[in-house]
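Heads up, the thing below is written out as structure tokens.
In our numbering, the protein residues as written are 380 to 427.
Below you can see the structure in the form of structure tokens.
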């Protein structure tokens, strides 16, 4: 499945959340609770 996705340039749509700013993480969580999420949230590990 991963080979198929790579061969056809299929990737997940994500929205990066900056981990250094707690208000960004809180805002992302509130959007999840409110069902206002279009893409998957990912906390950027480079900002930890």
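For glycine and all other residues, C-beta sits at the position ideal for the given N, C-alpha and C.
Asked: Endpoints, beta strand (DSSP E) assigned at residue 421; Found: 419-423
Asked: Cβ separation of residue 422 and residue 398, assumed to be a contact under 8 Å, to the nearest whole Å; Found: 5 Å
Asked: Three-way DSSP call (helix, strand, coil) for residue 397 in this model; Found: strand
Asked: Chain-order list of residues whose beta-carbon lies under 6 Å from that of residue 414 (same chain, five-residue window excluded); Found: none
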